[in-house]
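Residue numbers 30 to 143, in this note's numbering, belong to the letters of the sequence shown in order. Down below is the structure, laid out as structure tokens.
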Amino acid sequence: MNKKKVLIIDDETDFCLLLQSFFSRKNYEVHLSNSLEAGMDALQRAKPDIVFLDNNLPDGLGWEKAEFILEQFPYLQLNLISAYHYDVPKSDGTASFRIWEKPINLAELNRHFA
């Protein structure tokens, strides 16, 4: 059986390592990217099942790529993460993603990815 793949796109190293540890313990194959550009490349290479995309990256805003990502990878479970959840526009109905607020609640994450 193939492992599920998760891609974490975030420029905060400690946050990436936290999510990497969480998903590795759940037997996911974890890929990390620290910029929007590197994350878009990793999407093509890794073909993940789940993506955690930070909203505020050095080279762009995650939510601005959400619709494009879901058009290109419709099977994907997209999760936007932001320390400032009020800066993430609500979906207009064409894009479907979950918004996680930093600091992330590990108990809630565990319930969602049991």
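From the three backbone atoms N, C-alpha and C, an ideal C-beta is built for every residue, glycine too.
Rounded C-beta distance between residue i and residue j? I'm assuming under 8 Å.
i      : j      : result
Ala95  : Leu109 : 7 Å
Ala75  : Lys34  : 6 Å
Gln17  : Asp78  : Nothing in the structure corresponds to residue 17, since the chain is present only between 30 and 143.
Gly91  : Leu61  : At roughly 15 Å, the Cβ-Cβ gap does not stay under 8 Å, so Gly91 and Leu61 are not in contact.
Glu130 : Ser111 : 7 Å
Indicate whether residue i and residue j have their beta-carbon atoms separated by less than 9 Å.
i      : j     : result
Asp83  : Asp39 : yes
Asn139 : Phe44 : no
Can you tell me where the alpha helix (DSSP H) with residue i in it begins and where it stops?
i      : result
Asn139 : 135–141
Leu46  : 42–54
Would you report the Cα separation of residue i and residue j, rounded to the nearest angstrom?
i      : j      : result
Asn63  : His141 : 24 Å
Ile37  : Leu46  : 10 Å
Lys32  : Leu86  : 28 Å
Asp100 : Ser125 : One point to set straight first is that residue 100 is Glu, not Asp, in the sequence displayed. Between Glu100 and Ser125, the C-alpha separation is close to 10 Å.
Met69  : Arg127 : 19 Å
Gly122 : Arg54  : Only weak support is given to the placement of Gly122: the predicted model assigns it a pLDDT of 49, under 50, and the question is left unresolved by the model.
Phe97  : Val59  : 22 Å
With respect to the beta strand (DSSP E) encompassing residue i, which residues constitute its N-terminal and C-terminal limits?
i      : result
Lys34  : 34–38
Asp70  : First-last for Asp70: 65–75, but that is the alpha helix (DSSP H), not the beta strand (DSSP E).
Leu107 : 106–111
Phe81  : 79–83
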